[in-house]
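Trainee:
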Amino acid sequence: MRTMAVLAPGWVVDAAARRAGADPDGLIAISRGDRILAASAAAAAAGVEEGIRLREAQYRCPELVLLAEDEGTAMRDFSPVVAAIEDAVPGVQLLRPGLLLVRARGAARYYGGEHEAAGRLAEALLAAGSRTARVAVADGPFAAQTALRFTSAVRPVLVVSPGRSAEMLAGLPLSVLDEPELAALLARLGVSRLGELAALDEESVAARFGQGGRIAWTRASAREEEGVVPRVVPPEWTRTRRFEPAAERADEITFRIRTDAEELVAALLEAGRVITVLRVVIVTEHGEQDRLWRHPRWFRPSDVVDRVRWQLQGSGGAALEAAVAELRIVPEGLDAAHEHQRGLWGAGGQERVSGGLARVQSMLGHEGVLIPHLSGGQALADRVRLLPWGEAPAEGEDALRERRSRPWPGRPVGPAPSRVLGAGPAVVVCDGDGAPVTVVGDRLSAEPQQLRLGGADEAVTAWAGPWPVGVRWWEGQAARFRLQLLTAQHNAYLLTGSSHWHLEASYD
C-alpha cells in the first residue's frame, strides 16, 4: 500500500526548548531514562547521537543542556500540527510527536498526484509551526519511514516510484529494522543487508525465525500488508473552570472544583479508565502555572482536589499570590480500570497502606509524607532521595537505577551508617597535645586522640583513614577525605573534611 511519511525534524527538541526557555538552536538534547532520545542540530554536530548514554553525551559535549522527556506535553503540543495535516488530508496515523503516516492513494487523487500531495503536506507542516518539513512516499509504512533518511533540506520531498521501494531498501543494513537480536542472528548466517534478507524464501525465514522473521522479511521486501491506521480522536477529558470575578482564596476554588473532579473521575470510570498522571493548569493575571502530578495507584475525586489545593497554596497559606481566572484539570496518564480493581477478598495490605498514606498526606500537605528512593553518589546523603508520596523522580526510575550502578569513586564501603546527617555539625579532631589533626598530602598530620563534638570531648580508641572523596577539581573544589573514628563511649563516627572536619554519619 502506497504510504506517505510526514516528518517534522527536531520538533521534540524545539518544543521542549521553547517550554524551558532555551535556544532551540543551542546544544540541547532530550533524555529518556539514561539515554538520548533526540538532539538539536548543534548537539548532533558535536557528536551527541540518539541512543547513546547520557554520560557519553556529556563527555562528547560538556556544554550540553539536557531536558527530560515529557511525552504527554509533547503530544499535546503536537496536536495542532496533527489537526493541520488532517485538514489537508484525512486518515492520519500519529506514530510519535513529529512523525505521521498518511494513505497516499486518496491524497494523490485529491491533489493530482503523489508529488503534489507530498508538497501540500510539507506546506501544511510548515504553516503549523514546524521549522522544517520532510515527506517521503513509498510502498508501505516501513519503506516510507525509511525513505525519509534520503530526504534533506535541499530535497525535502522524496517519492519512490511504485514497485521500486525494495530496490531502495536493498543496500541498507539490517539495523534499520530496529531488531538487534534478529539482526545478530542473521549476521552470523552471512545476511547483513535488507536486500540479502529479501532474497531469501519467505517461508524458510518464517520457519527459522518465527513471526518476527516474517515481518522483517515483508518489510525488507517492501511487501507490507498492514497499511496506515488512522488515529481515533480521543474524547476530550479536560475540565476547565473559569472564575468571574477571579477567585482569591484556595478554599473557594477547591470547593467549586470538587464537582468537576467527581464528574471527570466518574466519566472515566464509565469508559473503563482511571487517571494515573494529572496536570493542573492555573491561569492568573501573572500568567499560567502548570504542574504534573502522579499517583502510585489512581486519582479519586478527593485526590484531584488535594492536588489542586496543594498547587494553589504552595507555601500552605489560604490566600493566593494572584487571583485565579481559570483552572484546568488535564488527565495526562490513563490506565485500564480493571488493572486497579480490588481483589476477590477486598483491599490488600498494600492498598490499606496507600489509603492511610493518602489520608495523612491530605491532612499534612503534599510534602507531609516522604518516601525514600535509592539513588547514587559519593556522599551518603546523595544515595537516598526523599520525594513526596506519589511523586516519581523527575529523571525517571531508569535513570536512578543507572545512577546507583555507577562506580562512584570515594563512596563509603562496608556496612551503611545508621544515621546520615549530610552537612552535619563541625567536629574538632585533636592529637595527644591538643593540636588539630588535618590531612597533609594523603596522610593525617598526627594520630587522632580526641574528638570534640558539641562541646563534649570523647577519647578516640580506634580510627581508620583518611580516604579521598572524589571532587570536581576542574571546578576549583578543595580536596576532601573521610575519616572513621571509634571513641571510648562506644560511638562510631564518619567524618568528612581535610583541614576542618564535619560529621557526615554515625554508626550504632
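Quick note on numbering: the sequence shown equals residues 28 to 535 in our numbering. Cβ atoms here follow ideal geometry from the backbone N, Cα and C, with glycine treated the same way.
Where does residue 255 land, buried or exposed, given buried means 16+ other C-beta within 10 angstroms?
Mentor: Its Cβ being crowded by 16 or more others within 10 Å, residue 255 is buried.
Trainee: Quick check on the DSSP output: what are the complete beta strand (DSSP E) runs of length 3 or more inside the region 58-146, in order along the chain?
Mentor: As far as the region 58-146 is concerned, its whole beta strand (DSSP E) runs of at least 3 residues are 62-66, 92-95, 119-123, 126-130.
Trainee: May I ask you to list the residues that DSSP assigns as paired with residue 491?
Mentor: Its beta-bridge partners are 511.
Trainee: Would you decide whether residue 282 is buried or exposed? Buried here means 16 or more other CB atoms lie within 10 Å of its CB.
Mentor: It counts as exposed.
Trainee: Relative to the alpha-carbon of residue 67, which residue among 39, 81, 317 has its alpha-carbon at the smallest distance?
Mentor: Checked all of 39, 81, 317; the closest Cα to residue 67 is 39.
Trainee: Is it right to say residue 523 is buried, meaning 16 or more other beta carbons lie within 10 angstroms of its own, or is it exposed?
Mentor: Classification for residue 523: buried.
Trainee: Along the chain, where does the beta strand (DSSP E) that runs through residue 528 open and close?
Mentor: Counting along the chain, the beta strand (DSSP E) containing residue 528 begins and ends at 528-534.
Trainee: What do you reckon, are the CB atoms on residue 225 and residue 244 nearer than 8 Å?
Mentor: Yes. Within cutoff.
Trainee: Round the Cβ separation of residue 173 and residue 148 to the nearest angstrom and send it over; I've been treating them as touching at under 8 Å.
Mentor: Contact doesn't hold; Cβ gap of about 18 Å is too wide.
Trainee: In the DSSP assignment, find the unbroken alpha helix (DSSP H) run with residue 45 in it and report its ends.
Mentor: It spans 38-47 - the alpha helix (DSSP H) in which residue 45 sits, taken as one unbroken run.
Trainee: When burial is assigned at 16 or more other CB atoms within 10 Å of the CB, is residue 306 buried or exposed?
Mentor: Buried, by the Cβ-count rule.
Trainee: Just the Cα atoms here: how many angstroms apart are residue 353 and residue 333?
Mentor: So the two alpha carbons sit approximately 17 Å from each other.
Trainee: Give me whichever residues DSSP pairs with residue 30 in a beta bridge.
Mentor: According to DSSP, residue 30 bridges with 130, 165.
Trainee: Let's test the definition: count the other Cβ atoms within 10 Å of the Cβ of residue 345 and tell me whether it reaches 16, buried, or not, exposed.
Mentor: Note that residue 345 scores a pLDDT of 46, beneath 50, so its modelled location is shaky and nothing firm can be said.
Trainee: Apart from the five residues on each side of it in sequence, which residues of its chain come closer than 6 Å, Cβ to Cβ, to residue 177?
Mentor: So the list reads 185, once near-sequence residues are dropped.
Trainee: Residue 29 and residue 205 - do their beta-carbons sit closer together than 8 Å?
Mentor: Cβ atoms of residue 205 and residue 29: not closer than 8 Å.
Trainee: Using the three-state DSSP reduction, which class does residue 251 fall into: helix, strand or coil?
Mentor: Coil, per DSSP.
Trainee: Straight-line CA distance for residue 473 to residue 521?
Mentor: C-alpha separation (whole angstroms): 18 Å.
Trainee: Alpha carbon to alpha carbon, how far is residue 56 from residue 78? Give it in angstroms, no decimals.
Mentor: Those two C-alpha atoms are separated by around 11 Å.
Trainee: When we look at the beta-carbon of residue 217 and count the other beta-carbons within 10 Å, is it buried (16 or more) or exposed?
Mentor: When all chains shown are included, residue 217 counts as exposed.
Trainee: Look up residue 525 in the DSSP assignment and say whether it is helix, strand or coil.
Mentor: Residue 525 falls in the coil class under three-state DSSP.
Trainee: Put residue 415 into one of helix, strand or coil per three-state DSSP.
Mentor: In this structure, residue 415 counts as strand in the three-state DSSP scheme.
Trainee: Counting Cβ pairs closer than 8 Å, one from the region 78-97 and one from the region 129-147, do we hit at least three?
Mentor: Taking 8 Å as the limit for Cβ pairs, the verdict is that the region 129-147 does not touch the region 78-97.
Trainee: Assign residue 150 to buried or exposed, taking buried as 16 or more other Cβ atoms, counted over all protein chains shown, within 10 Å of its Cβ.
Mentor: Classification of residue 150: exposed, given that the 10 Å Cβ count is below 16.
Trainee: Can you pull the DSSP bridge partners for residue 314?
Mentor: Paired residue(s): 311.
Trainee: Do you know offhand how far residue 263's Cα is from residue 103's?
Mentor: If I take the Cα positions, the gap works out to 12 Å.
Trainee: Where does the unbroken beta strand (DSSP E) through residue 401 begin, and where does it stop?
Mentor: It spans 397-401 - the beta strand (DSSP E) in which residue 401 sits, taken as one unbroken run.
Trainee: Got a sec, what are the start and stop residues for the alpha helix (DSSP H) residue 326 sits in?
Mentor: That residue, residue 326, is in no alpha helix (DSSP H); it is neither H nor E in DSSP.
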